[in-house]
Amino acid sequence: MEAPQYEVDLFKGWPATKLLPIDYLKTAVAKKLSDKTILDGAFGYGPNEGHFPLRENISKWLTGHYSPPVPIQTDQICITGGASQNLASILQAYSDPVYTEAIWLVEPCYHLVFRVFEDAGFYSRLKPVPEDEGGMDIEALERSLEASRLANDESNVAQQKSTKSSRPSRKTYRHIIYCIPSFSNPSGNTMSRSRREALIRVARRYDALVICDDVYDFLCWPTEPTNNPASNAPLRLVDIEQTLDNGPIDRFGNVVSNGSFSKLIGPGCRIGWAQATDSFIFGLSETGQTRSGGAPSHLMSTFIDDFLETGFLQQYIETILIRECSRRYSVMVSAIRKYLDCVDISFSPDPDHNTTVGGYYIWLKLPSPLLSEQVCARAMETQNLVLGCSSLFVVPGNCSPMEDVSRRVRLCFMWEDEDKLVEGIKRLGAVLDELINETQ
Ligand SMILES: Cc1ncc(COP(=O)(O)O)c(C=O)c1O
């Protein structure tokens, strides 16, 4: 049988272009460009921490959305070129491949961060930490950190000195922990409040920086209808840290939140923000690359500021984006239940096991004995269907990922239109039937 002519791509983790607030962006650009007071500054180099009005508006917006125990201050925010660019900047400012022992990453993990860590000098020092429905396994992380400490004490690695110049604005952490606490990519899992607190305490004990990739944090919705979707937003680690056990243990703290407008306004804008203690944010904006030219995306910052100044962004997230995410998620869940009715199909996040779900992805568990690689290859070959193969999300160097991971595929419900989401799941059903028949 020939593969269908048109492709269905359930791998691509992009927002569908038609969901982006392009008309509003046009208005914001025209408005800002016709304002003489803004124009001169916007086309020049900007401040190291980024466009001040945008930083101020982000701090108010986040405070309004999350109601953290302590309101977020403007000097706890700096503007970035998006989460990926800023991950590299964080490593530049706060890690050292000689002094920093290892990078601990949640597994399964967003695959495109691996090279960022490798580029920063940590090739072959990426360590997986397993995850379950409650998020990263913090006890497993602590056991590994302790084992690493004992091993390094014996081999005197702990005596290594940082190779970077010491500056009052800089600190080098001994460990880096990378996680996606809410609606993780690829698993859709969310870390519980108790694990968030446990993670901060572990980070403090082992001199670790927790980099929270919070890019999906705003995109959550209740599995049962309620009037206020915002009330379902879990508190971010960066906010919890402010008051946990009397607050940060030093002026830099142990948590940074990496936020992004990519999934809210459009990836092409290449703009995001970081939130941490004021000293951490100052240090982050003092890297050589930022001091020569100011924060990235300065012109775009002035346009995006209008989205916050007028309150448009929050309204758009609540009334359009979340509704659209939630509708597409439900369409995919219904299609899975209808067309993949093999007995042992399961997936996360599952609306039957969660009061709140979110993000862009469903992490589907294949029926035994099928494996992800086999299913993805056959889907491409016979159904013109692109799926996210689980091996992509395994931390490089980990030769024995949990068995569960090898039987998963990632499905994105935000790129293709709804009819293609259903068509994609139907095609996946045909692939599974075919492969199951072959094994019998
Ligand atoms: C977990 C995660 N972090 C970061 C990014 C990229 O963010 P940005 O566009 O802000 O670099 C993505 C994009 O898919 C992602 O899934």
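Just so it is clear: in the sequence shown, position 412 is 412 by the UniProt record's numbering, and no numbers are missing. In this text, a Cβ means the ideal position worked out from N, Cα and C, and glycines have one as well. Predicted, not measured: the structure shown is a model, and the values here were computed from it.
Burial state of residue i, where buried means 16 or more other Cβ atoms lie within 10 Å
i: N437; result: exposed
i: S194; result: exposed
i: A147; result: exposed
i: I77; result: buried
i: M1; result: exposed
i: E139; result: exposed
i: C179; result: buried
i: I317; result: buried
i: P186; result: buried
i: D306; result: buried
i: F280; result: buried
i: A151; result: exposed
i: Q315; result: exposed
Distance cut-off 7 Å: residue i Cβ against heavy atoms of ligand 1
i: S192; result: no
i: S166; result: no
i: V215; result: yes
i: I79; result: no
i: Y329; result: no
i: N189; result: no
i: Y110; result: yes
i: A83; result: yes
i: N185; result: yes
i: P128; result: no
i: I322; result: no
i: S262; result: yes
i: G272; result: yes
i: P267; result: yes
Supposed contact pair residue j and residue i - C-beta distance, whole angstroms, cut 8 Å
i: E373; j: C389; result: 6 Å
i: L105; j: L126; result: 6 Å
i: K12; j: C376; result: Actually they do not touch by this definition, with Cβ atoms about 14 Å apart.
i: G188; j: Y361; result: 5 Å
i: F183; j: T172; result: Going by Cβ atoms, the distance from F183 to T172 rounds to 31 Å, so no, they are not a contact pair.
i: I211; j: I90; result: 6 Å
i: P351; j: V357; result: 6 Å
i: residue 484; j: P15; result: The structure shown does not extend to residue 484, since the chain is modelled only from 1 through 440, so no value can be given for it.
i: P401; j: E107; result: 7 Å
Local conformation of residue i per DSSP, three classes
i: N258; result: strand
i: P21; result: coil
i: Y178; result: strand
i: V70; result: coil
i: E224; result: coil
i: W61; result: helix
i: residue 448; result: With the chain running from 1 to 440 in the structure shown, residue 448 is simply not present.
i: Q440; result: coil
i: S187; result: coil
i: M332; result: helix
i: M1; result: coil
i: T163; result: coil
i: R205; result: helix
i: D75; result: helix
i: M380; result: helix
i: I362; result: strand
i: I211; result: strand
i: A274; result: strand
i: A16; result: coil
i: M402; result: coil
i: G135; result: strand
i: L235; result: coil
i: R408; result: strand
i: L126; result: strand
i: F347; result: strand
Contact test: residue i Cβ vs ligand 3 heavy atom, cutoff 7 Å
i: S124; result: Questions concerning ligand 3 fall outside what the structure shown contains, since the ligands it does hold are ligand 1.
Sequence-distant residues of the same chain with beta carbon closer than 7 Å to residue i, five excluded per side
i: Q440; result: none
i: P68; result: L235, D239 and Q242
i: S346; result: K365
i: S169; result: F282, G283 and E286
i: S244; result: Residue identity check: residue 244 is Leu in the sequence provided, not Ser. E197 and I200, listed in sequence order.
i: L371; result: S406 and R407
i: F122; result: P97 and I103
Sequence-distant residues of the same chain with beta carbon closer than 8 Å to residue i, five excluded per side
i: T355; result: P222, T223, E224 and N232
i: M300; result: C269, R270 and I271
i: Q73; result: S59 and D278
i: H353; result: E133
i: P4; result: Q383, N384 and R427
i: I38; result: K32 and T302
Residues near residue i in its chain [Cβ-Cβ closer than 6 Å; skip 5 each side]
i: G429; result: Y339 and L340
i: G46; result: G294, A295 and H298
i: C325; result: L219
i: N227; result: Interpretation of N227 is limited by its pLDDT of 46, a score under 50 that renders its predicted location unreliable; the figure taken from the coordinates is listed afterwards. Closer than 6 Å at Cβ, skipping near neighbours: no residue.
i: V331; result: E418 and L421
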